[in-house]
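A.B. asks:
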Amino acid sequence: MPGRSRFADVVHRQLDLFVADEASLFEEAAAADAAWTTATRDESEELFGDYQLVVDQLAERLLDLREAYASTLEDSTSETYRAVFGKVARKRFRPYAGLLEET
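Just so you know, we're using my numbering here: the sequence shown kicks off at 23 and counts up by one.
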């Protein structure tokens, strides 16, 4: 496709598989988010901590996915791939993409 990065298709497929593979963790994240946002003031801090643990797990798995593929590429190419992966992942998984921005 004109104007589309050479890695865009592979990244979209990787992220589609990521959603399928991590479906239970995404469900856990949705439940934890709902729990802390509807909790009483006394419960919300602890429940937010539980939610953050799930967010961190998803973020680490996204980072692992990106780095596993990037490690198979040459250095100059891997930076392009990482940039495309980060852009697509941040757009699709904003709450879980924090580690991608740090690396």
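Positions of the beta carbon are idealized from the N, C-alpha and C atoms, including for glycine.
Just so you know, these numbers come straight off a predicted model, no measurement behind them.
Between the stretch 100–113 and the stretch 41–50, do at least 3 Cβ pairs fall closer than 8 Å?
C.D. replies: no
A.B. asks: Taking the beta carbon of Leu80 as the centre, do at least 16 other beta carbons fall within 10 Å, making it buried, or is it exposed?
C.D. replies: Along the sequence shown, one-based indexing puts residue 80 at 58. Classification for Leu80: buried.
A.B. asks: So the alpha helix (DSSP H) Thr62 belongs to, where does it begin and stop?
C.D. replies: Numbered from its first residue, the sequence shown carries residue 62 at position 40. It is not in any alpha helix (DSSP H) - Thr62 carries neither H nor E in the DSSP assignment.
A.B. asks: Could you say if the stretch 49–61 and the stretch 69–80 meet the contact criterion of at least three C-beta pairs nearer than 8 Å?
C.D. replies: Yes, since at least three Cβ pairs between the stretch 49–61 and the stretch 69–80 fall closer than 8 Å, the two stretches touch.
A.B. asks: Rounded to whole angstroms, what is the Cα-Cα separation between Ala92 and Phe70?
C.D. replies: One-based indexing of the sequence shown puts residue 92 at position 70. One-based indexing of the sequence shown puts residue 70 at position 48. When rounded, the distance between both Cα atoms is 32 Å.
A.B. asks: Among Glu89, Thr62, Ala61, Glu96, whose alpha-carbon lies nearest the alpha-carbon of Leu122?
C.D. replies: Walking along the sequence shown from the start, residue 122 turns up at place 100. It is Glu89.
A.B. asks: What separation, rounded to the nearest whole angstrom, lies between the Cα atoms of Glu96 and Ser66?
C.D. replies: Counted from its first residue, the sequence shown places residue 96 at position 74. Counted from its first residue, the sequence shown places residue 66 at position 44. So the alpha carbons of these two residues sit roughly 46 Å apart.
A.B. asks: Below 8 Å on the Cβ atoms is my guess for Phe29 versus Thr94; work out the distance and round it to an integer in Å.
C.D. replies: Counting from 1 along the sequence shown, the entry for residue 29 is found at position 7. Counting from 1 along the sequence shown, the entry for residue 94 is found at position 72. Rounded, the Cβ-Cβ distance is 12 Å, inconsistent with contact.
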